[in-house]
Amino acid sequence: MNGTSSHAPQATSPVVELSGVTKEYPGGVTALRGVDLTIDAGELLAIVGPSGSGKSTLLHIVGTLDLPTAGQVTLAGHDVGRLSDRKLSALRAQHIGFVFQAFHLVPGISAQDNVAEGLLYSGLPRAERHRRAARALERVGLGDRTGHKPHELSGGQKQRVAIARAVVGEPDLLLADEPTGALDSASGEAVMRLIHDLNQEGATIAVITHDTEIAEMLPRQVRIRDGQVVHDSAARGPLGTPVRSDAR
Ligand code: ADP
Numbered sequence: 001m002n003g004t005s006s007h008a009p010q011a012t013s014p015v016v017e018l019s020g021v022t023k024e025y026p027g028g029v030t031a032l033r034g035v036d037l038t039i040d041a042g043e044l045l046a047i048v049g050p051s052g053s054g055k056s057t058l059l060h061i062v063g064t065l066d067l068p069t070a071g072q073v074t075l076a077g078h079d080v081g082r083l084s085d086r087k088l089s090a091l092r093a094q095h096i097g098f099v100f101q102a103f104h105l106v107p108g109i110s111a112q113d114n115v116a117e118g119l120l121y122s123g124l125p126r127a128e129r130h131r132r133a134a135r136a137l138e139r140v141g142l143g144d145r146t147g148h149k150p151h152e153l154s155g156g157q158k159q160r161v162a163i164a165r166a167v168v169g170e171p172d173l174l175l176a177d178e179p180t181g182a183l184d185s186a187s188g189e190a191v192m193r194l195i196h197d198l199n200q201e202g203a204t205i206a207v208i209t210h211d212t213e214i215a216e217m218l219p220r221q222v223r224i225r226d227g228q229v230v231h232d233s234a235a236r237g238p239l240g241t242p243v244r245s246d247a248r
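Start counting the sequence shown at 1; every next residue gets the next number (the working numbering).
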């Protein structure tokens, strides 16, 4: 999140920029074809498309977990393709928080320890990591569950722990991959409300989903099909000015 950073986020400063991104997998599958995408600080957007359209590939590339075969990715002003693996890992740890459909919590340790994992590479002392983890759990409404282990939590609570872990380091971008995919509808709605609230507080969030209903709840939709962006509700004009193509 940008809420406590030393300078206020500007409405138009890009967190991530993809330019002409193409991804070919060995074996000849082209999963992305010339994708241009800019995510500005403070945005809340859906990347939406059917199964096989390239969403996971796009998530991996935006999250710098994978590199494109052509095109450029800029994260927080850094050209990702020019960085060593070590520098890229550090950049990712500093700037991006991940939330996955299947939570990926560490079993057998408390919610608070799970959230503190999100600060492992922060350089903060252990006691401070735990203090911030407790605060993040309070933020997501789980202040009374800090000592619970993952198997003692409901699906919705697990996802809120995962969200707390992803945002505890105040990343510039939160990437949520089908965050409600494993939840019943009431827990899913609570998770989407939390995502909205975090965005209101300044977090920049991209939700990857196949579910058009979830996508339509968010202020911006980027639709992807066969590896191409086929619609972006915040499409930019020739001078980089945002143009709401759905408002015409
Ligand atoms: P989605 O997340 O929208 O379901 P993916 O990004 O997973 O889409 O997949 C896009 C295309 O790339 C699909 O045709 C898929 O089969 C292919 N693909 C995904 N990952 C790999 C991989 N590691 N190797 C080869 N092909 C892949």
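Cβ coordinates follow ideal geometry from the N, Cα and C atoms, glycine included. Predicted, not measured: the structure shown is a model, and the values here were computed from it.
G143 and S187 closer than 9 Å at C-beta: Taking the sequence shown and counting its residues from 1, the one referred to as residue 143 is at position 143. Taking the sequence shown and counting its residues from 1, the one referred to as residue 187 is at position 187. Taking the C-beta atoms as reference points, S187 is found no nearer than 9 Å to G143.
Cβ pair A182, F98 closer than 9 Å: Start at 1 with the first residue of the sequence shown, and residue 182 comes out as number 182. Start at 1 with the first residue of the sequence shown, and residue 98 comes out as number 98. Not in contact: A182 and F98 (Cβ atoms no closer than 9 Å).
Nearest neighbour of E201, chosen from G42, I96, T209 and S89 [CA to CA]: Mapped onto the sequence shown, residue 201 falls at position 201. Ranking G42, I96, T209 and S89 by Cα distance to E201 puts G42 first.
H231 beta carbon near the ligand ADP (any heavy atom closer than 8 Å): For this step, residue 231 is matched to residue 231 along the sequence shown. No, since every heavy atom of the ligand ADP falls outside the 8 Å radius drawn around the Cβ of H231.
Cβ-Cβ separation, I205 to L198 (assumed contact under 8 Å), whole Å: Sequence index remark: in the sequence shown, residue 198 carries index 198 (1-based). Sequence index remark: in the sequence shown, residue 205 carries index 205 (1-based). Confirmed, about 7 Å.
Distance between D79 and D232 (C-alpha atoms, nearest Å): Position 232 of the sequence shown, counted from the start, is the residue given in the question as residue 232. Position 79 of the sequence shown, counted from the start, is the residue given in the question as residue 79. Approximately 23 Å between the Cα atoms of the pair.
Test item, CB below 6 Å from any non-hydrogen atom of the ligand ADP: The filter returns Y25, G27, V29, A31, G49, S51, G52, S53, G54, K55, S56 and T57, in chain order.
Limits of the unbroken beta strand (DSSP E) element including L75: One-based indexing of the sequence shown puts residue 75 at position 75. L75 -> beta strand (DSSP E) spans A70 to L75.
Beta carbon of D36 nearer than 9 Å to that of V229: Numbered from its first residue, the sequence shown carries residue 36 at position 36. Numbered from its first residue, the sequence shown carries residue 229 at position 229. A contact, by the Cβ cut-off of 9 Å.
Other residues of its chain near Y25: CB distance less than 7 Å, five sequence neighbours each side excluded: One-based indexing of the sequence shown puts residue 25 at position 25. Here the set comprises A31.
G20 versus S13: straight-line alpha-carbon distance, rounded: Sequence index remark: in the sequence shown, residue 20 carries index 20 (1-based). Sequence index remark: in the sequence shown, residue 13 carries index 13 (1-based). G20 and S13: Cα-Cα distance of roughly 20 Å.
Buried or exposed (CB count within 10 angstroms, at least 16 for buried), P150: Stepping through the sequence shown from its first residue, residue 150 is reached at position 150. That one is buried.
Distance between A215 and D177 (C-alpha atoms, nearest Å): Numbered from 1 along the sequence shown, position 177 holds the residue referred to as residue 177. Numbered from 1 along the sequence shown, position 215 holds the residue referred to as residue 215. In a straight line, the C-alpha of D177 is about 12 Å away from that of A215.
C-alpha distance - Q10 paired with T69, whole-angstrom precision: Along the sequence shown, read from residue 1 onward, the residue named residue 10 stands at position 10. Along the sequence shown, read from residue 1 onward, the residue named residue 69 stands at position 69. With a pLDDT of only 49 at Q10, under 50, the local geometry of the prediction cannot be trusted, and the value read off the model is given with reservation. For Q10 and T69, the distance between alpha carbons rounds to 31 Å.
Option nearest G108 by Cα separation, candidates A93, L65, L153 and V168: Walking along the sequence shown from the start, residue 108 turns up at place 108. G108 has its Cα closest to that of L153, out of A93, L65, L153 and V168.
Those runs of the beta strand (DSSP E) which lie wholly inside the stretch 200 to 230 and span at least 3 residues: 205 to 209 and 220 to 225
Contacts around G118, its chain only, beta-carbon distance under 6 Å, and the 5 residues preceding and following it disregarded: Position 118 of the sequence shown holds residue 118. If we look at G118 and ignore the five residues flanking it on each side, its Cβ neighbours are R165, V168 and G169.
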